[in-house]
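Chains as they are written, first to last, in the working numbering: chain F, 1 to 196; chain X, 1001 to 1343; chain S, 2001 to 2206; chain E, 3001 to 3195; chain G, 4001 to 4491. All C-beta atoms, glycine included, are put in the ideal place defined by N, C-alpha and C. Beneath this line is the structure, given in structure tokens, with notes to follow.
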Ligand SMILES: Cc1cc2nc3c(=O)[nH]c(=O)nc-3n(C[C@H](O)[C@H](O)[C@H](O)COP(=O)(O)O)c2cc1C
Ligand SMILES: Cc1cc2nc3c(=O)[nH]c(=O)nc-3n(C[C@H](O)[C@H](O)[C@H](O)COP(=O)(O)O)c2cc1C
Ligand SMILES: Cc1cc2nc3c(=O)[nH]c(=O)nc-3n(C[C@H](O)[C@H](O)[C@H](O)COP(=O)(O)O)c2cc1C
Ligand SMILES: Cc1cc2nc3c(=O)[nH]c(=O)nc-3n(C[C@H](O)[C@H](O)[C@H](O)CO)c2cc1C
Ligand code: SF4
Ligand code: SF4
Ligand code: SF4
Ligand code: SF4
Ligand code: FES
């Protein structure tokens, strides 16, 4: 009886000590990394926005450029980034073929014309659907118009100003991507029109 | 004549090189035929041997092979040659290293494989595919008769996934040089366009080399079934279930599911039904299982053709059913043979 | 200290067992999930391997130090808490300093916790052995895990991306084998490596 | 709603199969796929535990950890929940379903260190699923795992009869080849359903 | 009256072979000596009742044991007993009595000791007497489970017999011809023989199954059968092995013979057409079982035909004059599928012999033989174009290969089991309950699976091996059925 009591006390004591030890080391670690991780997130977001708006920057000039050109505003529930020239950078996310696709789309809301766009995160098959994140592919979006929305055409067939080339062999990823853009933009556009 | 045979035999056994003796044995058996006698009862044997068994499959493939050569020129023969050489290398290497006879089943695999490739396929991809198929589809299981998956299809599947661009974007209609990305099935997928049935029958469409000439496939296929080399159950139920399911599906979802006759004639359904699901090794043992196999394969073909990103429903469904075959057999055997009553 | 002497020491035994004889992946078939999942690029494999080595060595150190103190009944849960804590540290570290690799590895970093090798070595070795031996054992097992991961990753990255650690190593005309970047490619490469290593070791399974 | 739940379920089995696409739960997969009996036994145990842990972990994460700002330790919490769940299931089964206990009780302890159980819980958090979706996803993933292991086990049983596998390839080697081919074949479902 | 009933499963029709025996019967010459084994047909080995040096007459009982289940054996010639020793018959060691024939002995009813009490007016004889004649003539040993009489000629009693089945099928390749065994002149004897059997086995119904190839015979017989006879006549496809009771009984009666047992155990006596004629000869003419009509078929014989031979004649003596050449041919007893190759020419003909086959030992089948049209090739598959008579020889016609699961063996298996699966369990030595469940013991060892296998796998041998190993491992070969208690003649 005494023995078991002893055991239990020992066990509890042990657990408490171990628990405290690990909790405190984790808290320490967390405290140390948290600002860095937060900073990483901010860098990711800011560079995404600048990239989409095609504003050149380096890692040193990131913050300065960002505050010089961009202003963060809320529209409805959404956070968007507006430039002085009237362009707006809208973060979007939606589901691709294999996982979420997250990025920033820069448009001129008056003309529905795309200024540029970036993908921050995607999980499509590298070399296949993964090619949607390559500059070569994203480049074709610049100056296309949501009129009324983007349309996907087989590779090499996109001619009109709302037509986008698909990636052969990854039609499904391109389809999903264009669908995300269309949906996110029309949602933003609604808010935009309500506001103005 | 028989002295030449003896010389061959002596050479074969004298050469220390195992691979040569395996090849010599194969050549000897090929030319001179069997010399073994029955050892005890039964004293007599059926005249059918594996060489002839496999030859029948090749004979059945001839109409569509010839059509492919006519349609796309002598390059087709080059593709077949590469397939035989590259795959044969693996087969011979394994036979030599593992001291097993060279089995004739490879002759069918080596011909079926090129026939399910696009006519523009680069030769190196042919080699990669057949080597992969023979190696991972067959030899690792112990060789002919011991494999689970259809080796030709394993090779085809691998290169389809590995080289999507080469495998699914450069099709060519017969007698043309123009590269198109539109096979009848993808035309339906993108715009519900039905290729004329006459074109589908005579092969005037873009597609894999061996799959377009439907008439030749049907003739060869019926020959295969009538000789009993191919068991009729799987093909009949496979094609039947594709027909019935698409008949029903087409009523409810016409924008996704093509009409039945189109489903049967377009793509490689007939080729798969007559030459691939009939592969005795990779189909189930029981007659009941064969019927289930056929029906399920039909279902999967329709699902994949209609709802997935691929049009190669036949290829995927057959490999999937190869994988399911042992399980189906397991349940059929369980149902067929009641467990022993404990006494 | 002559080399022959070293060969007879227990340390040598421990190292050889970890590195080759009881190779965690090939002979015991443990910890394969992450080996398959994150071995499509060499950098991921190395990061994962480093993470595993870190967690293993840290846990081994703690467990072997505390081995007489840990009450038997809460043994497993203690190991788990320790392992999980170290994994969190690795996770935070990657997020802070290698955000790209962190994204690429995704949830697989967390899965180090359940990597059977770590729990297995903790239970089988560190809980009965002294500090030095335990660290050696953890190190050699971790290195074995890492070199395996790396060898799978080298094949997959070269065939699948035409690169090694991101540098192009294949000719211009090279066509990437997309399948190698995906799950099935991992299975086949691991199968071949297992085949070669088992044949080399003359090992008969069962 | 129902349709999207169905989609998640189908996706978890066919297109995002936990074993064939994410390569998780492989250790028991390799060692228990040699016979149909062990495979299905472990499969049933996995379904129980995976679904149950998702049911428990989701509220713990979203209703306790997030509000208190202690997401940091979710690994620790999850792994303890899993260990406890396994214990609980074992005890309940012993008490109420001794027959089941005999059939697959021995598989339960193996599950604690099975990465797929933890992975499913992590996916729930990463993908920000609703409670219902989480449960469907967890159940679907477990079913997908059973489907894969049972197919491979049946193939292995057949290979005992017909195979002549090279020595170095026996056991794990051939299971990898089979699973690899199966994974290739499952790619055929790509696009049928999305997660 | 006649009805065609096809089997629902298995079997294979052998037809159109070179070397088929002509439908005529020649009498053989008198042998210089005969070797009479003490066990011929059903039953245990009997005791010699003569001694070396004793003179015996033809037809005299020389071996008999009324205590065991057996039937007597007879001297087939008159002469001196020169030896009683162990010999080999179809691979089986047993005692035999050797008799040197008297000079000047001729076969005739006068030179034979006929059975006492026989009568051509058999209807006046009572059933006891009929049973006695059947037993004393040795004919009772000709059925696979014996013909029950008041003697111990069968494990069951005459009253226990529910049915008699007479089989006239030509299901073997080069089978003896029904036309030779049963010429038109003997139709009435044949039917009388059946009537006699019905008298001996009073509870039994009678059934005749004749090969569908013999439409004429069926028609003629049906005209001879009176309604009062209550004999059912039916046509059955001559697929191999439909003449085996394990296959014929289910086909005709719709009930199976439990594995490990015989048809008599379920009350059915199965006999051949020739046996019925022997019954008639014994009862009406008093002739004991001393001669037998066998087919001598195959290309090895200059003139394939039927020969009436005395029991005990050596195969060497019998075939000497008739063979084209001994070396190049294999001589096989009774069945090309299940029979024994004759090693020593000393082996005697016994009273259950049916045929001798001489077929070429062919080592060279021709260059590229697998590619030819195969105008003379037999195959279960339809991959040949046989337009003439088909050749028959001992060549394997192929090299051994891995099993392809073509399922041909399962399709032909008359037992309805699946040798395509079962043989793999045996190869891999997986002996367990599973094999019992998959009914390995139902295999009747007909060897048809080995015949059809394109991979030339000795499937049937593997099945046999499997049954043996299963028995060794303690699994019972005998089917446990609910009807076990009802089985007849079983302790
Ligand atoms: C392993 C694998 C990964 C794939 N990944 C993608 C992908 O990331 N994006 C995509 O659109 N399609 C992907 N696919 C689908 C195929 O490429 C499919 O052929 C394509 O979606 C059909 O489009 P197509 O009409 O351009 O050929 C993948 C297929 C496989 C087998
Ligand atoms: C194309 C084709 C289709 C056939 N379809 C059937 C069928 O649907 N049903 C059937 O009983 N036999 C069918 N047969 C005939 C079988 O080949 C034949 O009856 C079979 O070999 C008998 O085998 P079993 O008695 O072992 O089943 C078909 C044959 C061919 C060539
Ligand atoms: C398209 C097709 C369908 C056939 N269907 C059947 C059938 O349903 N039943 C059948 O017995 N024979 C059918 N036959 C004929 C058989 O193929 C042929 O009679 C068979 O191979 C002979 O088998 P058997 O000897 O078992 O009768 C069919 C033939 C063809 C070409
Ligand atoms: C009717 C028939 C169909 C066959 N089909 C295929 C096939 O689709 N793919 C293949 O690789 N081999 C095929 N073979 C050849 C052979 O069965 C194959 O090499 C084995 O699968 C190897 O074990 C076929 C053989 C026959 C007789
Ligand atoms: S020997 Fe046995 S298994 Fe083979 S066919 Fe005859 S009964 Fe069937
Ligand atoms: S006949 Fe021969 S090859 Fe065909 S399934 Fe039977 S054993 Fe196998
Ligand atoms: S093999 Fe042996 S046990 Fe089986 S049936 Fe024949 S004699 Fe009986
Ligand atoms: S009791 Fe046994 S040995 Fe005798 S007949 Fe029955 S099963 Fe056979
Ligand atoms: S690492 Fe995934 S189960 Fe072991």
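Residue 3190 of chain E reaches chain X at 1308, 1309 and 1310, counting residues in chain order whose Cβ is nearer than 7 Å. Taking the C-beta atoms as reference points, residue 1293 of chain X is found nearer than 8 Å to residue 1325 of chain X. Residue nearest to residue 2102 of chain S within the set S/2179, S/2047 and S/2182 is S/2047 (criterion: CA-CA distance). Considered as a whole, the region 4140-4192 of chain G harbours 4163-4168 as its complete beta strand (DSSP E) runs of no fewer than 3 residues, in chain order. Annotation for residue 4016 of chain G indicates a beta carbon at 7 Å or more from all heavy atoms of ligand 4. Within 10 angstroms of the beta-carbon of residue 3141 of chain E lie 16 or more other beta-carbons, which makes it buried. Residue pairing by DSSP places residue 1102 of chain X in no beta bridge whatsoever. If you look at residue 72 of chain F, you'll find it in the beta strand (DSSP E) that goes 70-75. For residue 3175 of chain E, the number of other beta carbons within 10 angstroms of its own is at least 16, and it is reported as buried. Boundaries for residue 3001 of chain E: no alpha helix (DSSP H) harbours it, and the DSSP string shows neither H nor E there.
Counting only residues of its own chain and dropping the five nearest sequence neighbours on each side, residue 1189 of chain X has a CB closer than 7 Å to the CB of 1311.
Using a 10 angstroms sphere on the CB of residue 4159 of chain G, the tally of other CB atoms stays under 16, which defines it as exposed. Here residue 2086 of chain S has 2054, 2055, 2058 and 2059 as same chain residues with Cβ atoms under 8 Å from its own Cβ, once five neighbours each way along the sequence are excluded. Put simply, of F/130, F/42, F/32 and F/60 the residue whose alpha carbon is nearest the alpha carbon of residue 96 of chain F is F/130. The beta-carbon of residue 3034 of chain E is placed no less than 8 Å from the nearest beta-carbon of chain X. Remark: three or more beta-carbon pairs, one from each stretch, lie closer than 8 Å, so the region 3009-3022 of chain E and the region 3182-3191 of chain E are flagged as touching. For residue 136 of chain F, the enclosing alpha helix (DSSP H) begins and ends at 135-138.
Contact of residue 1138 of chain X with chain F is not assigned, every C-beta pair being separated by 8 Å or more. Within the same chain, 1183 come within 6 Å of residue 1207 of chain X by CB-CB distance, once the 5 residues on both sides are set aside. Every alpha helix (DSSP H) stretch that sits fully inside the region 1203-1260 of chain X and reaches 4 residues is listed by chain position as 1214-1226 and 1233-1252. For residue 4269 of chain G, the uninterrupted beta strand (DSSP E) segment begins and ends at 4268-4272. Residue 4096 of chain G sits in a strand when the DSSP states are folded into three classes. For the C-beta of residue 2161 of chain S, not a single chain X residue is nearer than 9 Å; the gap to the nearest is close to 13 Å. Relative to the non-hydrogen atoms of ligand 5, the Cβ of residue 4172 of chain G never comes closer than 7 Å to any of them. Annotated as proximal: residue 144 of chain F and residue 150 of chain F, with beta-carbon spacing under 8 Å.
Judged by beta-carbon spacing, residue 1270 of chain X lies within the 8 Å limit of residue 1264 of chain X, meaning their Cβ atoms are closer than that value.
Unbroken alpha helix (DSSP H) runs of no fewer than 4 residues, entirely contained in the region 4258-4311 of chain G, are found at 4273-4285, following chain order.
Excluding residues up to 5 positions away in sequence, 4181, 4182, 4186, 4189, 4190 and 4193 lie with their Cβ nearer than 8 Å to the Cβ of residue 4277 of chain G in the same chain. In the three-state reduction of the DSSP assignment, residue 4460 of chain G falls in the helix class, which pools H, G and I.
Residue contact with chain X for residue 4377 of chain G: present (Cβ-Cβ distance below 8 Å to some residue of chain X). Within the same chain, 2042, 2045, 2046 and 2049 come within 7 Å of residue 2150 of chain S by CB-CB distance, once the 5 residues on both sides are set aside.
Beta-bridge pairing by DSSP links residue 151 of chain F to F/163. By the C-beta density criterion, residue 4052 of chain G is exposed, having fewer than 16 other C-beta atoms within 10 angstroms. In this structure, the straight-line span from the alpha carbon of residue 3090 of chain E to that of residue 3069 of chain E is close to 32 Å. Under the Cβ distance rule, residue 132 of chain F does not count among the residues neighbouring chain S, no pair being separated by less than 8 Å. Under the Cβ criterion (8 Å, minimum of three pairs), the region 4089-4103 of chain G does not count as touching the region 4315-4326 of chain G.
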